[in-house]
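Participant: Here the sequence shown is numbered in this note's numbering, starting from 227 and rising by one per residue. Don't be surprised by glycine CBs; every beta carbon is placed ideally from N, CA and C.
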Amino acid sequence: MTTAIWWIRRDLRLRDNQALAAALAHGDRVIPAFVLDPQLLASPYVGSKRLAFLLGGLRALDGDLRAKGSRLIVQRGDPADILAALMSESGATAVFAEEDISPYARARDARIAGRLPLTLTSGLTAQPLSAVLKPGGRPYTVFTPFSRAWKAMTPPQPRDIVAAPRRIETPDDLHSLPIPAGPALSATVPFVPREAEAQRKLDAFVQSGVDRYADARDRMDLAGTSQLSPYLRFGMLSARQAVVAAFEAMRKASDREARKGAETWLNQLIWREFYVAILYHFPNARRESFRPELRDVPWRNNERDFQAWREGLTGYPVVDAAMRQLVSTGWMHNRARMIVASFLVKDLLIDWRSGERHFMQHLVDGGTELRFEVDVRTGRWWMNLPIPFAPRVVRASFETIMGWGREGLARTLGVPVELCSTDGGEPIGRIGSRA
Ligand SMILES: Cc1cc2nc3c(=O)[nH]c(=O)nc-3n(C[C@H](O)[C@H](O)[C@H](O)COP(=O)(O)OP(=O)(O)OC[C@H]3O[C@@H](n4cnc5c(N)ncnc54)[C@H](O)[C@@H]3O)c2cc1C
Numbered sequence: 227m228t229t230a231i232w233w234i235r236r237d238l239r240l241r242d243n244q245a246l247a248a249a250l251a252h253g254d255r256v257i258p259a260f261v262l263d264p265q266l267l268a269s270p271y272v273g274s275k276r277l278a279f280l281l282g283g284l285r286a287l288d289g290d291l292r293a294k295g296s297r298l299i300v301q302r303g304d305p306a307d308i309l310a311a312l313m314s315e316s317g318a319t320a321v322f323a324e325e326d327i328s329p330y331a332r333a334r335d336a337r338i339a340g341r342l343p344l345t346l347t348s349g350l351t352a353q354p355l356s357a358v359l360k361p362g363g364r365p366y367t368v369f370t371p372f373s374r375a376w377k378a379m380t381p382p383q384p385r386d387i388v389a390a391p392r393r394i395e396t397p398d399d400l401h402s403l404p405i406p407a408g409p410a411l412s413a414t415v416p417f418v419p420r421e422a423e424a425q426r427k428l429d430a431f432v433q434s435g436v437d438r439y440a441d442a443r444d445r446m447d448l449a450g451t452s453q454l455s456p457y458l459r460f461g462m463l464s465a466r467q468a469v470v471a472a473f474e475a476m477r478k479a480s481d482r483e484a485r486k487g488a489e490t491w492l493n494q495l496i497w498r499e500f501y502v503a504i505l506y507h508f509p510n511a512r513r514e515s516f517r518p519e520l521r522d523v524p525w526r527n528n529e530r531d532f533q534a535w536r537e538g539l540t541g542y543p544v545v546d547a548a549m550r551q552l553v554s555t556g557w558m559h560n561r562a563r564m565i566v567a568s569f570l571v572k573d574l575l576i577d578w579r580s581g582e583r584h585f586m587q588h589l590v591d592g593g594t595e596l597r598f599e600v601d602v603r604t605g606r607w608w609m610n611l612p613i614p615f616a617p618r619v620v621r622a623s624f625e626t627i628m629g630w631g632r633e634g635l636a637r638t639l640g641v642p643v644e645l646c647s648t649d650g651g652e653p654i655g656r657i658g659s660r661a
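1) Could I get the ranges of all uninterrupted alpha helix (DSSP H) runs contained in the segment 520 to 551, with 4 residues as the minimum, in chain order?
2) Three-state secondary structure (DSSP) at E395?
3) Give me the Cα-Cα distance between Q551 and R392, rounded to the nearest whole angstrom.
4) Taking E325 as the reference, which of Q353, T228, A318, D307 has the closest Cα?
5) Thinking just about the alpha-carbon of each residue, which of G556, V502, M564, D531 is nearest to the one in T367?
6) Between the Cα of Q533 and those of R563, G282, V545, S434, spot the shortest distance and give me the residue it belongs to.
7) I want to check one thing, is the minimum distance from the CB of W535 to the heavy atoms of ligand 1 below 8 Å?
8) Let me check understanding here. Comparing Cα to Cα, which of R334, Y330, L342, W557 lies closest to V321?
9) Which of helix, strand or coil does DSSP assign to F322?
10) Could you work out which residue in W557, L267, M313 is closest to V256 when comparing CA atoms only?
11) Identify the continuous beta strand (DSSP E) that holds F260 and give its terminal residues.
12) Alpha carbons only, please: which of D441, P371, M462 is nearest the one belonging to Q425?
13) Check for me: the beta strand (DSSP E) holding Q301 runs from which residue to which?
14) Identify the residues that DSSP records as bridge partners of P365: which are they?
15) Starting from L284, follow the alpha helix (DSSP H) in both directions and report where the run begins and ends.
16) For ligand 1, is there any heavy atom lying closer than 8 Å to the beta carbon of L350?
17) Take every Cβ of the segment 475 to 483, pair it with every Cβ of the segment 405 to 423, and state whether three or more of those distances are shorter than 8 Å.
18) Shortest alpha-carbon distance to G362 belongs to which of P384, A375, G295?
19) DSSP three-state label for T490, please.
20) Say the cut is 8 Å; is the CB of A323 nearer than that to a heavy atom of ligand 1?
21) For A336, is the classification buried or exposed, using 16 other Cβ atoms within 10 angstroms of its Cβ as the cut-off for buried?
22) Counting only the same chain and skipping the five closest in sequence on each side, list residues whose C-beta sits under 7 Å from that of W525.
23) By Cβ distance, which residues of its chain are closer than 6 Å to A548, with the 5 residues on each side in sequence left out?
24) Tell whether a beta-carbon distance below 9 Å holds between P258 and T396.
25) Tell me whether R498 counts as near ligand 1, meaning its Cβ is closer than 8 Å to at least one heavy atom of that ligand.
26) Taking Cβ positions, are A378 and A318 nearer each other than 9 Å?
27) Within its chain, find whatever has a CB closer than 6 Å to the CB of P509; leave out the 5 residues flanking it on each side and keep chain order.
28) Measure the beta-carbon distance from P416 to T555 and round it to whole angstroms, keeping in mind my assumption that it falls under 8 Å.
29) Would F585 pass as a contact of F500 if the rule is Cβ separation under 9 Å?
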C-alpha cells in the first residue's frame, strides 16, 4: 500500500485541486497535512483577520475531509522537519503541493525538494506560471501584451475542473495538533471561511452579477463585484474554476452588455495572473519599487498624517470611511482601495510600503503578489496624472460621495454608519497646500 502526503498551503479546497489529485493518483492513502510555520506566523505582514480566516478555513476543510473518511493532520514547526518526520512515521513515499510564488515560499520549497521527494503542481493561477512569455521567452512587464498573450492560449474548459474526490483513505494513527482556537474571526468580517461558501458566492455572482459587472464594478454603492478575493487568496476556489466560469458567462451572455460584463470580469482575473507572474519572474521586486524611476521619491512620511490615514481621521469622508471599513471588515472595494492608496502616496507623500504593511495587516485577501497593485498602479498615476484621485471614474465617484454625508457613505460602503464619522477635523493637507 502506497501513501502520499498532500501538503496544504494556500489551496484549502477539495474541488479542482491538482496537488490533491496528484497525491491521490500516487498513493492508495493520502495524508492531508498543514504545517503551522512559526516563521510565517511571526511575520509583521500577517494580520489577525487573515489568520483567523485561515484557521476557520482549516476547521472547515477538516470537516469536509472527515465527510470523505479522512481528516486534517496539523503540525507546527519547520516544514522540512515536519514533513520528513511525517514521512517516516507513515511510510509515505511522496509529497505533493501546489506551487507558491513568494520568495520565501520558493526558497523553502527548493530547500525541501533537495531533501524530500516533493512535487509541485499548478493551480495558483489558471494558466501555468511560466507559460505566458514573450516570443523570445522573456516575461512580460506590461499588462496589455500579457493579457493578449494569455488570451491567445487555449483556455481551460469545464471538463478540466477536477471533481472533489468521493473518498480519501488516511492512516488513522497519526498525531495531529488541534487547530488553534484563536484568533477568532470577528463578527464584523463578512466572509465565511469555507470552500462551500466560495462555490455559493461564485454561483450567485454568475447567476446575477457578472452580466452587469462592467458598469457595476465602478460603483461603491452596489455589491457589484464577486467578493471572491479572500477565497482566491486561500485557494478555497481555484483560479481555473473562476476563469472557466467567466468564459462560460461570456458564451451564454444574452446581449452585448452581459458579454461585456463577463469579459471585464475575466480581465480582472487576468490582472491577478499578471501580478502573480510579475512576482514569480521578478522576486527582487519584493524589496524595491518595480519601476526604477520610483525608487528615489522624496517621501514626506509624516507620522501624524500616516496615523490619520490608518485610523480614518483624515477629514476626507470617503478616505476615512474606506479606511475604517478596512480595519473593521478586512475588505475594501477596489475603487476605494485605489482612492486611499492614491491619497496616501500622492496627497500625503507617504511611502507606499508603509501603506502596504497596513493593508496587509488588515486585508483578509491580502497577498504578496498584490503589493504590485499599489506599487505599479499608483506609480503610474504618480508619473502621469498630477491631480489627486486622477482616474476619471474614481474622481467622479469621489466627488459624488463627498456630497453624500454619513448615511450615504455608510450605504455606499456597506458599513455601519458609526464608521462613517467625518470628525477628523480639518482635512489634512494636500500636496502644495502646506510645507
Ligand atoms: C491598492 C490596492 C491594493 C490591493 N490589494 C489586494 C490584495 O492584497 N489582495 C487582493 O486579492 N486584491 C487586491 N487588490 C485588487 C482588488 O482591489 C481586489 O482583488 C478586489 O477589490 C477584490 O474584490 P472582488 O473579489 O469583489 O473582485 P472582483 O472585481 O469580483 O474580481 C475578481 C477577482 O479578480 C482579482 N482582481 C480583481 N481586481 C484586481 C486587480 N486590480 N488586480 C489584481 N487582481 C484583481 C481578484 O482576485 C478578485 O477576487 C488591490 C487593489 C488596489 C488598488
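Facilitator: A quick look at the data gives this:
1) 529 to 537
2) Position 169 of the sequence shown, counting from 1, holds the residue named residue 395. In the structure shown, E395 sits in coil (DSSP, three-state: anything other than H, G, I, E or B).
3) Mapped onto the sequence shown, residue 551 falls at position 325. Mapped onto the sequence shown, residue 392 falls at position 166. Straight-line Cα distance between these residues: approximately 40 Å.
4) For this step, residue 325 is matched to residue 99 along the sequence shown. Among Q353, T228, A318, D307, the Cα nearest to that of E325 is on Q353.
5) Taking the sequence shown and counting its residues from 1, one reaches residue 367 at position 141. Measuring from the Cα of T367, the nearest candidate turns out to be V502.
6) Taking the sequence shown and counting its residues from 1, one reaches residue 533 at position 307. The shortest Cα separation from Q533 among R563, G282, V545, S434 belongs to V545.
7) Locating residue 535 in the sequence shown gives position 309, where the first residue counts as 1. False, no ligand heavy atom lies under 8 Å from that Cβ.
8) Reading the sequence shown from its first residue, position 95 is the one you call residue 321. That would be L342, whose Cα lies nearest to the Cα of V321.
9) For the purposes of this step, residue 322 is taken as residue 96 along the sequence shown, with counting starting at 1. Correct three-state label for F322: strand.
10) For the purposes of this step, residue 256 is taken as residue 30 along the sequence shown, with counting starting at 1. Of W557, L267, M313, the residue nearest in Cα terms is M313.
11) Translated into positions along the sequence shown, residue 260 becomes position 34. First-last of the beta strand (DSSP E) with F260: 255 to 262.
12) As a working mapping, residue 425 is identified with position 199 in the sequence shown. Of D441, P371, M462, the residue nearest in Cα terms is M462.
13) Position 75 of the sequence shown, counted from the first residue, corresponds to residue 301. From DSSP, the beta strand (DSSP E) with Q301 extends over 299 to 302.
14) Counting from one through the sequence shown, the residue named residue 365 turns up at place 139. The partner list for P365 (beta bridge, DSSP) reads L359.
15) The residue given as residue 284 occupies position 58 in the sequence shown. Segment 274 to 292, the alpha helix (DSSP H) holding L284.
16) As a first step, residue 350 is located in the sequence shown; it is residue number 124 there, counting from the start. No, the Cβ of L350 stays beyond 8 Å of every heavy atom of ligand 1.
17) no
18) In the sequence shown, the residue the question calls residue 362 occupies position 136. The residue with the shortest Cα to Cα distance from G362 is A375.
19) Counting from 1 along the sequence shown, the entry for residue 490 is found at position 264. Three-state DSSP puts T490 in a helix.
20) Position 97 of the sequence shown, counted from the start, is the residue given in the question as residue 323. A323: no, Cβ never under 8 Å from ligand 1.
21) By 1-based counting over the sequence shown, the position of residue 336 is 110. A336 is exposed by the Cβ-count criterion.
22) As a first step, residue 525 must be located in the sequence shown, where it is residue number 299. Correct list, in chain order: L575, I576, D577.
23) Indexing the sequence shown from 1 puts residue 548 at position 322. Cβ within range, chain order: M558, A562, V566.
24) In the sequence shown, residue 258 corresponds to position 32, counting from 1. In the sequence shown, residue 396 corresponds to position 170, counting from 1. In this structure, T396 lies closer than 9 Å to P258 by Cβ.
25) Within the sequence shown, numbered from 1, the residue matching residue 498 stands at position 272. Yes, since a heavy atom of ligand 1 falls inside the 8 Å radius drawn around the Cβ of R498.
26) Reading the sequence shown from its first residue, position 152 is the one you call residue 378. Reading the sequence shown from its first residue, position 92 is the one you call residue 318. No, Cβ-Cβ distance for A378 and A318 is not below 9 Å.
27) Locating residue 509 in the sequence shown gives position 283, counting from the first residue. Hits under 6 Å: P329.
28) Taking the first residue of the sequence shown as position 1, residue 416 is located at position 190. Taking the first residue of the sequence shown as position 1, residue 555 is located at position 329. About 6 Å separates the two Cβ atoms, so the contact holds.
29) Taking the first residue of the sequence shown as position 1, residue 585 is located at position 359. Taking the first residue of the sequence shown as position 1, residue 500 is located at position 274. The answer is no: Cβ separation not under 9 Å.
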